[in-house]
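Each residue of the sequence shown is one higher than the one before, starting from 26 at the first, in our numbering. Where is the CB? At the ideal position from N, CA and C, for every residue including glycine.
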Amino acid sequence: MGRFSEYIGSQFGNPRGFIGTICCLLMNTINRRLYSSISTCINKNETILDIGYGNGYLINKINKKTQAAIYGIDISDDMKVIASRRNSKAVGDGKVKLSIGDCCDLKFKDKMFDAITSVNTIYFWSDTEKGLSEIYRTLKDGGVFYNAVYSKQWLQKSSYTKKCFKLFEKEDYIKLGKKAGFSKISIKEISQGKSYLIKYLK
Numbered sequence: 026m027g028r029f030s031e032y033i034g035s036q037f038g039n040p041r042g043f044i045g046t047i048c049c050l051l052m053n054t055i056n057r058r059l060y061s062s063i064s065t066c067i068n069k070n071e072t073i074l075d076i077g078y079g080n081g082y083l084i085n086k087i088n089k090k091t092q093a094a095i096y097g098i099d100i101s102d103d104m105k106v107i108a109s110r111r112n113s114k115a116v117g118d119g120k121v122k123l124s125i126g127d128c129c130d131l132k133f134k135d136k137m138f139d140a141i142t143s144v145n146t147i148y149f150w151s152d153t154e155k156g157l158s159e160i161y162r163t164l165k166d167g168g169v170f171y172n173a174v175y176s177k178q179w180l181q182k183s184s185y186t187k188k189c190f191k192l193f194e195k196e197d198y199i200k201l202g203k204k205a206g207f208s209k210i211s212i213k214e215i216s217q218g219k220s221y222l223i224k225y226l227k
């Protein structure tokens, strides 16, 4: 059971193959309130980057309600195929641009985005400080990083988070954000004791 849980945990960090597809569908259901907490914050004509777009669920949700120009990066080639299919019209129109990439080494120019979004990806970043610094660099002045996460206490209840996840307290998110340069950081509960939305304002 230990190895199986570790394998499932790794799939949440880098979805691939049939199991990765199933894990993403599961995440779409479990994370609905987290996705909604972010999508309601996005303004009509912003330029957005979604980190860890998975099967493109959040991108599709934002695309349907705004005229935002949406970029996305993910480390999974399989997810790019699925997300491109899900958002095929927007991709074809050039409104959505998906790529393979690492948030710790963003291939975007300084001050490019009005907002950057992430749902449950920060646990898997190879270098959390570097990732937040890259987000800070690519945000416009006044831009916001919306980071929706589950609490450390809730994640610790699951066996699949034991090895593949970096778990953080609320204070850790604030401390790491300040190190990256963010001076205004707020945390709002999504589900009491379970999940919250962290807003990093540049």
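Close beta carbons around residue i, own chain, < 7 Å, minus the five adjacent residues each side
i           : result
residue 86  : 60 and 64
residue 32  : For residue 32, the pLDDT reaches just 46, beneath the cut-off of 50, and the residue's location in the model is therefore unreliable, although a value from the coordinates is still provided. Around residue 32: no qualifying Cβ.
residue 105 : 99, 123 and 125
residue 209 : 226
Coarse secondary structure for residue i, derived from DSSP in three states
i           : result
residue 63  : helix
residue 88  : helix
residue 167 : strand
residue 142 : strand
residue 135 : coil
residue 113 : helix
residue 192 : coil
residue 227 : coil
residue 182 : coil
residue 151 : coil
residue 198 : helix
residue 156 : helix
Residues near residue i in its chain [Cβ-Cβ closer than 6 Å; skip 5 each side]
i           : result
residue 158 : 205
residue 73  : 93, 95 and 140
residue 160 : 141 and 170
residue 163 : 131, 133, 137 and 138
residue 107 : 80
Spatial neighbours of residue i in its chain, beta-carbon cut-off 8 Å, leaving aside the 5 residues before and after
i           : result
residue 88  : 95, 112, 115, 120 and 121
residue 145 : 37, 52, 56, 59, 77, 173, 174 and 175
residue 217 : none
residue 129 : 150, 151, 152, 155, 156 and 159
residue 215 : 58, 59, 62, 173, 221 and 222
C-alpha gap between residue i and residue j, whole angstroms
i           : j           : result
residue 198 : residue 147 : 10 Å
residue 30  : residue 149 : With a pLDDT of only 48 at residue 30, under 50, the local geometry of the prediction cannot be trusted, and the value read off the model is given with reservation. Answer to the nearest angstrom: the Cα atoms are 16 Å apart.
residue 110 : residue 153 : 30 Å
residue 137 : residue 165 : 6 Å
residue 71  : residue 181 : 36 Å
residue 80  : residue 118 : 19 Å
residue 155 : residue 54  : 30 Å
residue 135 : residue 195 : 28 Å
residue 212 : residue 97  : 24 Å
residue 167 : residue 202 : 15 Å
residue 179 : residue 221 : 11 Å
residue 191 : residue 151 : 10 Å
Candidates the options: closest to residue i by CA position
i           : options               : result
residue 143 : 125, 154, 171 and 160 : 171
residue 67  : 79, 83 and 54         : 83
residue 103 : 90, 123 and 91        : 123
residue 90  : 75, 69 and 108        : 69
residue 200 : 219, 223, 183 and 214 : 223
Strand pairing of residue i, partner residues [DSSP]
i           : result
residue 99  : 125
residue 72  : 94
residue 174 : 221
residue 208 : Residue 208 is not bridged to any residue.
residue 12  : Here the chain has residues from 26 to 227 only, and residue 12 is not among them.
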